[in-house]
Every structure is written in C-alpha cells, then in structure tokens.
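Here's the structure, in structure tokens; my notes come after.
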Amino acid sequence: MAYEVTATRKRPQRFEDLVGQEFVVSTLRNAIEQGRIAHAYLFSGPRGVGKTTSARLLAKALNCVHGPTAEPCDECDNCRGIAKGSSLDVIEIDGASNTGVNDVRVIKEEVMFPPTSSRYKIYIIDEVHMLSQSAFNALLKTIEEPPEYVVFIFATTETQKVPATIRSRCQQFNFQLIPLETIKGLLEQAASEMGIEADSDALFWIAKEATGSMRDAYTLFDQVVAFSNGKITLAQIREKLGLVGIDRINDIMKDVLAKNQSSSLDKVHALLARGVSIEQIIKDFSDYFRSLLLIKKGVRSENVLGEQVQSFPAEIQNAFNEEQLEAALDMFLNLYRDIRYSLNPRFELELAMSKLSKLRYVASTASIIEQLARLKNDLINGTISPLNPILADQKTVQPEAPSAPAPQPAAQPEVAEKEEKPTPAPEPVKEEPEAPKTELTLEALKDILPVGTKEVRNTDDGLVLVFDDRFYHKMAIRSLEETKEKVSKKAGYEVNVISSYSESKAEIPVQEAPPAVKEEPIETPAEPEPAAQAPAEEPEQETVENASEAEVPEDTAELTSAPISKMNDEQKNLISDILLCFDGREER
Numbered sequence: 001m002a003y004e005v006t007a008t009r010k011r012p013q014r015f016e017d018l019v020g021q022e023f024v025v026s027t028l029r030n031a032i033e034q035g036r037i038a039h040a041y042l043f044s045g046p047r048g049v050g051k052t053t054s055a056r057l058l059a060k061a062l063n064c065v066h067g068p069t070a071e072p073c074d075e076c077d078n079c080r081g082i083a084k085g086s087s088l089d090v091i092e093i094d095g096a097s098n099t100g101v102n103d104v105r106v107i108k109e110e111v112m113f114p115p116t117s118s119r120y121k122i123y124i125i126d127e128v129h130m131l132s133q134s135a136f137n138a139l140l141k142t143i144e145e146p147p148e149y150v151v152f153i154f155a156t157t158e159t160q161k162v163p164a165t166i167r168s169r170c171q172q173f174n175f176q177l178i179p180l181e182t183i184k185g186l187l188e189q190a191a192s193e194m195g196i197e198a199d200s201d202a203l204f205w206i207a208k209e210a211t212g213s214m215r216d217a218y219t220l221f222d223q224v225v226a227f228s229n230g231k232i233t234l235a236q237i238r239e240k241l242g243l244v245g246i247d248r249i250n251d252i253m254k255d256v257l258a259k260n261q262s263s264s265l266d267k268v269h270a271l272l273a274r275g276v277s278i279e280q281i282i283k284d285f286s287d288y289f290r291s292l293l294l295i296k297k298g299v300r301s302e303n304v305l306g307e308q309v310q311s312f313p314a315e316i317q318n319a320f321n322e323e324q325l326e327a328a329l330d331m332f333l334n335l336y337r338d339i340r341y342s343l344n345p346r347f348e349l350e351l352a353m354s355k356l357s358k359l360r361y362v363a364s365t366a367s368i369i370e371q372l373a374r375l376k377n378d379l380i381n382g383t384i385s386p387l388n389p390i391l392a393d394q395k396t397v398q399p400e401a402p403s404a405p406a407p408q409p410a411a412q413p414e415v416a417e418k419e420e421k422p423t424p425a426p427e428p429v430k431e432e433p434e435a436p437k438t439e440l441t442l443e444a445l446k447d448i449l450p451v452g453t454k455e456v457r458n459t460d461d462g463l464v465l466v467f468d469d470r471f472y473h474k475m476a477i478r479s480l481e482e483t484k485e486k487v488s489k490k491a492g493y494e495v496n497v498i499s500s501y502s503e504s505k506a507e508i509p510v511q512e513a514p515p516a517v518k519e520e521p522i523e524t525p526a527e528p529e530p531a532a533q534a535p536a537e538e539p540e541q542e543t544v545e546n547a548s549e550a551e552v553p554e555d556t557a558e559l560t561s562a563p564i565s566k567m568n569d570e571q572k573n574l575i576s577d578i579l580l581c582f583d584g585r586e587e588r
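Taking our numbering, the leading residue of the sequence shown gets 1, the next gets one more, and so forth.
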C-alpha cells in the first residue's frame, strides 16, 4: 500500500473528530438536525485549522443516503465518493487558479442542471479571496437566489479581501487556532499508532512550532520521524534542524549577566559553526525575551509562553525589569528586519550581543525622570532613597539616623573609665564646645551675610540662613560657598551654612527689621502720611521701600547698576528670570 502522510491519514471523517472548533461543529450539527440548510457558507480562519475538512463533512452530512444527518454513515456511495474526492455532485474549485469571469460563467451554466445521484449539488471554492472583482460581481446573483438543490461553501484565510456583498449573502464561521495542548495530544496519539517512542518535550516543541495549525504539526511530525530512527528526542531535533535551544540561550545569558562577553560571543560563534543560521538565532532570542517579558507580567500558561516557566532560571527572570525586556525584544525584532540590507549579518548579530551586556542599565525616559524627581525630593528633604539594584551593582545606602553618632563618643569615655579609673580622659572632651569664641547670631554676622537674610538659626546640621524673599534666596544660593568661607573664618572653625526659604513672615523676629532699614540708603520720602499714621517699625520699612521703588530707574542699563535693596518685586523677578535663562535651569 502506498505511503500516506499523517495529515491526510488523520483527516477527520466525523464532526466529533474535528478538534478546536466546538462552535462551528455545534452550529452546523444543530442546523442540519433542524433542517435549516443555508444556500451559502463562508469558512474563514488561519491555515490548517479544518476549513476544507469542515466543508467536506458538511457535504457528506447533506448528501448521505440516510441524511441530511449530523452523523453520516461513511458506508454509502455518496459518503465514500465525497471522502475520496470523486463525487460528481460535490465540485471542489481552487479559487487561486480560477479567478476570471469565464470560470464563474461555467459555474452559472452548471448550476442549471440538477445533481446526478445526490440530494444537493455542492460547490466548495477554496481560497475564494483570490477571485477577481469581476468574478465576484458575476457570482452575486447566483449566490443570492440559487436553485434549491445548490449549496455554496467558500473557504478563505483572508476574509477582509472578500467583498462585503459576498459576505452579506453567506453564513460566516470563523475558525480558531488549535490549542497547543490539543495538538500535543494528537501528536502523541499519532506516534502511538505508528509505534514510535517520542519524548514529551520533543512533541511540545513540534506543537509550539505549528503555531496553532494541525496540518503544520503533522507535516513537521513526519519530517522528524524520518530522521529519528523510531525515537523522537529534542536533542536530535536541535542537531538535525539547526536550532539554538533554550538551554544554550540560558548559558549565553548567564555569561552576559557575569559580564563575560568573550565567553558569550564564543558560544554564539560555536552555534554559527554548527550550521545554525543567523536568522534562526535571532528568532530564538526574540522568542526567549518575549517569554521572559510575559513571565514578568504574570503569564504562566505554556500555551502562551511556548515554554515551561521552570525552563528559565530564576536569576535571569529577576535580572531585568519590564522596560529592559521590552528594549531587548525590540532590538532583536529590528535586527531581523535590518539584516536583509546589512553589509554583513554576522556583524549585526555580534553588535546585538555586545549591547546585551549593557541591558541591565537601559532605562526609558519615564524612569529617568522618575529617578531625577526622587533625587530632587531627597535633596529638599535631606534624605537618601535606596538605589535600584537593577540599575546599579553597588549595595543600597540607607540614611543614617541623626542620633546614631551621638552615643559613640559617649561610649568611649565610659570604657576608658572602666579600664583606668584615675585617668581624667573625658574632661578635655567637654571643653570642645568652648572653642568657638564668636557667637553666630544675625547681629554678629550681619557684615558678611547675604542681603535679605532675616534670621539665623544654629542647628545640628549647621548654620541655617532664613530668607522670606525668593529672589534673595536664589542670590544667596549662588554665593553659598563664599558665605561659608567667610562665616568659618570669622567663627574660627568650619561651619556648614545652609540656605532656607520660608514664606511665613510670622517666624521672622521683629528685632531684625531696624538694622535692615539702617543699611538701606534713606532718601527723602515723598509720602509723609504713612509714616505718621504707623509709628511702628514695620510700617517705616514699607515707606522706605515705597520710596525706593519710586526712584528706581526704568532703563535696563540703570537697573543692573541699582542696589538690590532698592529694587521692587517686578524688577527682582526680571533679574531672576534673566539669571535662570543663562544658568540653564527652570524653576518648577
């Protein structure tokens, strides 16, 4: 007996044998049992999922001697003729080779003759989307009002190319991809029938490569059986078909994480020396990073991943975040498109492997902005946020508590006292606070402090200069190092100077207002009434400021030479904006 391929030998002969298309099977069975036979059907879906097989099963169900029935007997002449493709009343037409109007004219003429020995005259047109627009138009009238004994069954993989006028005259059935586990089970059954021993992981790989097509799975299965010598293993498949394999990719990725670029490149060159094509390596790496990305998003289904989750080491799963995995997948997808026009595809692959070593440090614009915002908050609040271990190899730095250094000097004298009681070692330690001879107050430092300083606070972190005017605060920040040197020189020891801005005027002592007024050059006030009404110190300051604002020149050249204390708020803001433009920073 002649050899028959597995796809033809295992073609379903009953509706219950059609796997993965439960909706189509149930709908057709109910329609046949209720006698609701349509005059035109449109079967659409991917390749190898059972469209043509379903058309033949429907033809058998309609023309069986005991029918129309959902359970054809497969024994009468009509059923046997349809199964063999020799029935005169079931005409199968290839739409790709019969695309013209003349071919449709032949169908229209044949439709006028009733079936010879069957109940229905059935036309199965495969790849119907290949018909020309004129052929579709010529077929419209026949499909809409055919004779009662004629049934049209169209099959296509591209529904969008079928005109809407044709689709509206047909009952449409969308076929789905067959699940991976279902394909694997049918492959195990086929191997058992042929007496072939097959490993589970090998059949899983075949089912995955079929991408939901049962015909593709059977075709690849026959090819693997031909070189397996009675036992199908994944190692033989990788060796004979030139595959990379997830184990080899895991080894390469471990070298990448260890920053051992020479070893990773050597392993890639070894794959090329074994005959694995560059395209296949890129495909396997793309599939690898896709699976890692889906695992990172919480997907655990083997049907979706195409691999078992335990096949990916935990260190590799935790080494990258979603943004980095997306960048790696995008890099290999673009690489597959670029190698077509590359000077040397091998150079492109080696460059991609070199980029993988820096994958842990890849960050998107959004993540960089987030890190900068975190650093800004840390500078404002005086805290230290932990570093991201994915973006840095160093250990995270935890902020030190302010009370931690205090007990350390106190603990040392206690130990000294226990060891040597008569030695008065702790006494000179207490004399250290007496070293500064100058008191750090606003009055003592008014000659060296920046203009606009309203309050001086002595804290554990250093000397805090408080400003209630934003412009003065910005100017003080620019000269902070110079101020620190002056204060330290006058105090006699190193002092840490910090600039602070506070909008609340209630915290500013009233005693500091008179010296600020005395420093400003008092000119003849033009408005004597406000000074007479308010004898307090603060209203006097307002009159002086109003007087100074009235005398400020409007010219820009005179504005730059005028004293800062005489400028009004509008002029201060203008200078602040000019300084920010030259400094390259923007206030947020």
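Glycine included, every Cβ here is placed at the ideal spot set by N, Cα and C.
Query	Result
Span separating the alpha-carbon of Val517 from that of Val451	Model confidence at Val517 stands at a pLDDT of 40, short of 50, so the residue's coordinates are unreliable and nothing is read from them.
Buried versus exposed call for Leu62 [16 or more other C-beta atoms within 10 Å across all chains shown]	buried
Completely contained alpha helix (DSSP H) runs for the stretch 159-212, where each covers 4 or more residues	164-167, 180-194, 200-210
Whole-Å CB distance - Pro179 paired with Gly20, under 8 Å assumed	6 Å
Spatial distance of Val510 from Leu445 (CA atoms)	Note that Val510 has pLDDT 39, beneath the 50 cutoff, so the model's placement of it is unreliable and no number is given.
Where Ser591 falls: helix, strand or coil (DSSP)	Shown here, the chain extends from 1 to 588; a query on residue 591 therefore has no answer.
Pair within 8 Å by beta-carbon distance, Ser500 and Leu465	yes
Proximity winner among Leu234, His39, Asn137, relative to Asp199 (alpha-carbon distances)	Leu234
CB contact flag (Gly629, Asp287, <8 Å)	No information on residue 629 is available, as it lies outside the stretch 1 to 588 that the chain covers here.
Length of the line joining the Cα atoms of Ala328 and Val49	33 Å
Own chain residues within Cβ distance below 8 Å of Leu359, not counting five before or after	Val256, Phe320, Gln324, Ala327, Ala328
N- and C-terminal bounds of the beta strand (DSSP E) containing Lys454	453-459
Nearest to Leu333 (by Cα), restricted to the options Gly195, Arg300, Leu375, Asp284	Asp284
Burial state of Thr53 (16 or more Cβ within 10 Å)	buried
Within 8 Å, strictly: CB atoms of Pro163 and Phe136	yes
Under the three-state DSSP convention, the category Tyr336 falls into	helix
Through-space distance from Ser367 to Lys454, alpha-carbon basis	40 Å
Ala7, DSSP secondary structure in three states	helix
Alpha-carbon spacing of Ile278 relative to Lys355, whole angstroms	17 Å
Sub-8 Å separation of Glu109 and Ala70 beta-carbons	no
Alpha carbon of Ala392 to alpha carbon of Lys297, nearest angstrom	Confidence in Ala392 is poor, its pLDDT being 46 and thus under 50, which makes the residue's placement too unreliable to answer from.
Distance between Asn229 and Glu145 (C-alpha atoms, nearest Å)	57 Å
8 Å Cβ cutoff, Glu494 in contact with chain D	Looking for chain D here will not work: only one protein chain is present.
Runs of beta strand (DSSP E) lying entirely within the stretch 32-102, each at least 3 residues, in chain order	40-44, 90-94
Cα-Cα separation between Val150 and Leu139, rounded to whole angstroms	13 Å
Residues bridged to Gly462 [DSSP beta-bridge criterion]	Thr459
Rounded straight-line distance, which links the Cα of Ile282 to that of Tyr336	7 Å
Nonlocal neighbours in the same chain, by C-beta distance under 6 Å from Gly212, ignoring five residues either side	Leu177, Ile178
Counted within 10 angstroms of its Cβ, other Cβ atoms place Glu4 as buried (16 or more) or exposed	exposed
Every unbroken alpha helix (DSSP H) inside the stretch 221-308 [4 residues or more]	234-241, 246-257, 261-273, 278-296, 302-305
Inter-stretch contact at 8 Å, needing at least 3 Cβ pairs: the stretch 115-134 / the stretch 5-18	no
C-alpha gap between Met353 and Thr99, whole angstroms	49 Å
DSSP three-state assignment for Tyr120, whether helix, strand or coil	coil
Of the listed residues Tyr218, Gly67, Ser87, His39, nearest to Arg167 (C-alpha basis)	His39
Under 8 Å between C-beta atoms of Phe43 and Ile153	yes
Chain-order list of residues whose beta-carbon lies under 6 Å from that of Pro72 (same chain, five-residue window excluded)	Lys60, Ala61, Cys64, Cys79
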